[in-house]
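Input: a single structure, listed below in structure tokens.
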Amino acid sequence: MSPDVIVIGAGAIGTSIAYQLAKAGATVMVFERGHVGDEATGASAGMIQINPDRSTPPPLSSLERESARLFPALATELLDRTGMDIGYRAAPLLHVALEEGEESRLRAHRAWQVDHGMTVAWLDGPAVLDLEPTLNPTIRAALYYPDDHQLLPLSFAQALTRAAVDLGAVLREGANIDRLLTDGDRVVGVAIGGDAVHAGEVVIANGAWASSWSEALHTPIPVRPVRGQMVALRTTGTGLRNVVSSADGYLLSKPDGSTYVGTTVEEAGYDSRPTASGIAGLLALVPRLVPRLADATFIDAWAGLRPGTSDGLPLLGRLPGWNGVTLAAGHFRDGILLAPITGELLADLLARRRPRLPLEAFDPGRFLVRAA
Ligand SMILES: Cc1cc2nc3c(=O)[nH]c(=O)nc-3n(C[C@H](O)[C@H](O)[C@H](O)COP(=O)(O)OP(=O)(O)OC[C@H]3O[C@@H](n4cnc5c(N)ncnc54)[C@H](O)[C@@H]3O)c2cc1C
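Counting from 6, one number per residue, gives the positions in the sequence shown under our numbering.
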């Protein structure tokens, strides 16, 4: 059977697209070379934060806001359809200042955010400790974002997959797509091993590996891997009530009792190993933020490759000069947050409906225009 749509990659982005397409009645096949959520998605912290600053491009903050708005209903919908709890819950953020310079930076940041209608409060040191008593008492002040959330990213991708499969989508794991099949200016399917699978449309959603199709499509797909390392700790005491972040990284407690320490932002090519220096840097942050956690048990460390782009915006839309192929990649540090809106926008695009948000800023053709 030839499906209407083939999706390459089963991270948060590919699974969200598959779910929305299946819900809209399309026949969908998802090809994943490993398992669902194996790469950046499974490595991520699962924070759903919308805290733009003056450097955030406005189209990206609109996309973030719209996606964040979709989560409560989507979490309920996935629970109803699959019985799977994606762990979506409130996770207010305390962004703390440990030094004077950081304190004035946060003040300026807050002024900009208030001007832009965001819910953010300034807390001085004692007020920060009231909210999060185990924090380092030398913390000078913090910005408090009460509306942020978190979820379990792997459960999220798995629930999206289950819901899509229940609606008739086919998932093939352990299925590395070797090649795109083309006929003139049309992508007509994919090659996997010696097999060809044809489809009306192919969606490229393979995260940091999306650039691997550039050559075959004679089109720049400038998505690059940006490594992020993470450590998990376990304590016997209760976890943190808030996500605690600083200029050097963050701590967040998960429902299973672990506390994540993240993260690095490194240009290391496709090397997805956690390293001694990366982990040492993260562990050094722990006692500076929460002295009590210096005694926590080290349980795990890992790294993932975020799909980064040169202008910080994802690539969403049709590839110039081609029919039958659409790109959804380059979500960098926001791919969990942006998965719901990406799924809906791609379903709109493939059904040739007017997308609910303007997509010009995310046009994959923008790099061609610049190159010309
Ligand atoms: C440490 C860390 C922390 C993060 N924290 C957050 C956070 O708190 N909130 C947030 O919103 N984002 C966060 N991110 C970013 C987020 O994880 C990514 O933006 C998001 O997971 C990207 O999803 P994706 O589906 O595009 O890519 P991926 O999850 O990498 O999925 C791509 C999939 O494609 C598959 N694939 C690749 N090539 C092929 C092929 N040829 N054939 C078949 N399959 C293929 C891969 O195996 C992979 O499973 C974090 C990332 C990291 C690394």
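Using N, Cα and C, we set each Cβ at its ideal position, and we do this for glycine too.
Small disclaimer: the values here were computed from a predicted structure and weren't measured.
Beta strand (DSSP E) segment containing residue i, residue limits
i: residue 227; result: No beta strand (DSSP E) holds residue 227; DSSP gives it neither H nor E.
i: residue 304; result: 302 to 314
i: residue 332; result: 330 to 334
i: residue 24; result: No beta strand (DSSP E) holds residue 24; the alpha helix (DSSP H) holding it covers 17 to 28.
i: residue 213; result: Looking at the DSSP string, residue 213 is not in any beta strand (DSSP E), and its letter there is neither H nor E.
i: residue 11; result: 10 to 13
i: residue 178; result: 175 to 178
Nonlocal neighbours in the same chain, by C-beta distance under 6 Å from residue i, ignoring five residues either side
i: residue 304; result: 237 and 239
i: residue 216; result: 226 and 228
i: residue 330; result: 192, 207 and 324
i: residue 351; result: 22 and 333
i: residue 249; result: 99, 256 and 294
Check whether residue i and residue j have beta carbons under 8 Å apart
i: residue 388; j: residue 370; result: There is no way to answer for residue 388, as the model of the chain reaches only from 6 to 377.
i: residue 48; j: residue 233; result: yes
i: residue 69; j: residue 339; result: yes
i: residue 45; j: residue 16; result: yes
i: residue 243; j: residue 171; result: no
i: residue 129; j: residue 146; result: yes
i: residue 196; j: residue 184; result: yes
i: residue 205; j: residue 9; result: yes
i: residue 14; j: residue 210; result: yes
i: residue 1; j: residue 326; result: There is no way to answer for residue 1, as the model of the chain reaches only from 6 to 377.
i: residue 308; j: residue 279; result: yes
Per-residue burial, residue i [other beta carbons within 10 Å of its own, 16 or more giving buried]
i: residue 377; result: Unreliable positioning characterises residue 377 in this predicted model, as indicated by a pLDDT of 48, which lies under 50. The coordinate reading is nonetheless provided below. Residue 377 should be labelled exposed.
i: residue 247; result: buried
i: residue 223; result: exposed
i: residue 199; result: exposed
i: residue 251; result: buried
i: residue 24; result: buried
i: residue 230; result: buried
i: residue 241; result: exposed
i: residue 119; result: exposed
i: residue 153; result: buried
Other residues of its chain near residue i: CB distance less than 7 Å, five sequence neighbours each side excluded
i: residue 388; result: This structure leaves residue 388 out entirely; the chain is present only between 6 and 377.
i: residue 2; result: Because the chain in this structure spans residues 6 to 377, residue 2 falls outside the shown range and cannot be described.
Opening and closing residue of the alpha helix (DSSP H) in which residue i lies
i: residue 93; result: Here residue 93 belongs to no alpha helix (DSSP H), and DSSP marks it neither H nor E.
i: residue 362; result: First-last for residue 362: undefined, no H or E at that position.
i: residue 282; result: 281 to 294
i: residue 36; result: That residue, residue 36, is in no alpha helix (DSSP H); its beta strand (DSSP E) goes 33 to 37.
i: residue 201; result: Premise fails: residue 201 lies in the beta strand (DSSP E), 200 to 203, not in any alpha helix (DSSP H).
i: residue 277; result: Unbroken run through residue 277: none, as it is neither H nor E.
8 Å Cβ cutoff, residue i in contact with chain B
i: residue 23; result: Structure shown: chain B not included; a single protein chain is present.
Beta-carbon contacts of residue i that lie in its chain and below 8 Å, excluding the five residues immediately before and after
i: residue 363; result: 64
**OP:** Any chance you could list the alpha helix (DSSP H) runs of at least 4 consecutive residues sitting entirely within the stretch 98 to 131, in chain order?
**Re:** 105 to 120
**OP:** Would you list, in sequence order, the uninterrupted alpha helix (DSSP H) runs of no fewer than 4 residues that lie entirely inside the stretch 128 to 161?
**Re:** 130 to 136
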